[in-house]
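Structure record follows, encoded as structure tokens.
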Amino acid sequence: MKVALITGASRGIGKATAEKFARNGYNLALVSRSRESLEKVREELQETGSEILIFPADVSDFNRAQEIVKDVHDHFGRIDVLVNNAGTTLDKFLLRTSESDWDTIININLKSVFNYSKPVSKIMLKQKHGVIINVSSVVGIIGNAGQASYAASKAGILAFTKSLAKELGSRNIRVVAVAPGFIETALTEKLPEDVKKYYLDQIALKRFGKPEDVANLIYFLASDEASYISGQTFIIDGGMI
0 MKVALITGAS
10 RGIGKATAEK
20 FARNGYNLAL
30 VSRSRESLEK
40 VREELQETGS
50 EILIFPADVS
60 DFNRAQEIVK
70 DVHDHFGRID
80 VLVNNAGTTL
90 DKFLLRTSES
100 DWDTIININL
110 KSVFNYSKPV
120 SKIMLKQKHG
130 VIINVSSVVG
140 IIGNAGQASY
150 AASKAGILAF
160 TKSLAKELGS
170 RNIRVVAVAP
180 GFIETALTEK
190 LPEDVKKYYL
200 DQIALKRFGK
210 PEDVANLIYF
220 LASDEASYIS
230 GQTFIIDGGM
240 I
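Residue 200 in the numbering used here sits at position 201 of the sequence shown, with consecutive numbering throughout.
Listed below in structure tokens is the structure:
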């Protein structure tokens, strides 16, 4: 069975992605801060027959990432797909953003992509195959007032994706990014109703997306049906931009 390693896997897009891969014959390694939440996901997916390893961890911890990737590879003997999904936001205007605010967003959203992509790339190079999928955001493309740190982190992911795709492509390793718009997750639930209405008015389909919508795209991009796609960013925003 193929193996997918997914960060930020305990809720939202990460959880939906774990479900999609498990129901399509993948073994999983799931990373998130909360052991309790990961245990719930594993319990929910038991009936799929997939073997699921869980790793409670801070994704911004470089050394812990190396340990997790090694443990996954030692256990399964392979890693076919890496989904760098972990992310957070802290909405503040730049003048109110502290250095620690900035570091937190960059470390969780952007540094984590480096932390997991580097050791996984070594494994995929030896395998001569693999797919790395990085979850960015439309905010990384168009920007957004009050989200300078978040936008910077998500834009960084897009540049990272293009560069890594060029580094690894000759060894049959693909690297792609997805840029969701407004998806119904814990992050968007925090938004005030007037803000939600404002953004809903910008969306051609007049609804927010669901985590499953993004999970379906991620699964397609990881599949052999997308075997000639690399270095690209796929916007999934209901026609917002």
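Every residue, glycine too, gets a C-beta built ideally from N, C-alpha and C. Quick caveat, the model's predicted, so the values are computed rather than measured.
Residue(s) in a DSSP beta bridge with S31: In DSSP, S31 forms a bridge with P55.
Let me check understanding here. Comparing Cα to Cα, which of A225, S120, S97, G238 lies closest to Q146? Ranking A225, S120, S97, G238 by CA distance to the CA of Q146 puts S97 first.
Given F20, which residues of its chain have a CB within under 7 Å of its CB, disregarding the five upstream and five downstream residues? For F20, where only same-chain residues beyond five positions count, the Cβ hits under 7 Å are A3, L27, Y218.
Close-in-space but distant-in-sequence residues of the same chain around K242 (CB under 7 Å, 5 per side omitted): This structure leaves residue 242 out entirely; the chain is present only between 0 and 240.
Is it true that the CB of T6 sits closer than 8 Å to the CB of N106? No, the Cβ-Cβ distance between N106 and T6 is not below 8 Å.
Report the three-state DSSP secondary structure of P179 (helix, strand or coil). Collapsing the DSSP output to three states places P179 in a strand.
Look at I228 and R173 and say whether their C-beta atoms are less than 8 Å apart. Less than 8 Å divides the Cβ of I228 from the Cβ of R173.
Using 8 Å as the threshold, is the C-beta distance between V134 and D236 below it? Taking a C-beta distance under 8 Å as the contact criterion, V134 and D236 do not qualify as a contact pair.
Spatial distance of N108 from E46 (CA atoms): Separation of N108 and E46 (C-alpha to C-alpha, rounded to the nearest whole angstrom) is 32 Å.
Taking contact to mean 3 or more Cβ pairs, one atom from each stretch, closer than 8 Å, check whether the region 140 to 158 and the region 182 to 196 are in contact. Not touching, per the Cβ criterion.
So what does DSSP say about I234, is it helix, strand or coil? Note: I234 maps to strand in three-state DSSP.
Just list the alpha helix (DSSP H) runs in the region 95 to 140, keeping only unbroken ones of 4 residues or longer that don't cross its boundaries, in chain order. Every unbroken stretch of the alpha helix (DSSP H) spanning 4 or more residues and falling wholly within the region 95 to 140 is given here in chain order: 98 to 104, 111 to 126.
Buried/exposed call for R95, threshold 16 Cβ in 10 Å: By the 10 Å Cβ count, R95 comes out exposed.
Per DSSP, what are the beta-bridge partners of G208 in this structure? Note: G208 sits in a beta bridge opposite I182.
Proximity below 8 Å, CB of A17 to CB of E211: Contact flag unset, no.
Can you give me the Cβ contacts of G13 inside the same chain, cut-off strictly under 6 Å, excluding the 5 residues immediately before and after it? The beta carbon of G13 sits closer than 6 Å to the beta carbons of I5, G7, N84 from its chain, once the five residues preceding and following it are set aside; these are given in chain order.
Measuring straight from C-alpha to C-alpha, what distance separates G168 and L52? Rounded to whole angstroms, G168 to L52 spans 28 Å at the Cα level.
Which whole-angstrom value describes the C-beta separation of R63 and D57, a residue pair presumed to lie in contact below a C-beta threshold of 8 Å? About 7 Å separates the Cβ atoms of R63 and D57, confirming a contact at the 8 Å cut-off.
So, for R34: in the same chain, excluding its five sequence neighbours on each side, which residues have a beta-carbon less than 8 Å away from its beta-carbon? Only I53, P55 meet the Cβ criterion.
Candidates K1, R10, M0: closest to V213 by CA position: Shortest Cα-Cα distance from V213 to any of K1, R10, M0 involves R10.
Whole-angstrom distance between F207 and V177, CA atom to CA atom: If I take the Cα positions, the gap works out to 16 Å.
Rounded to a whole number of angstroms, what is the C-alpha to C-alpha distance between I202 and I141? I202 and I141 have their alpha carbons spaced roughly 14 Å apart.
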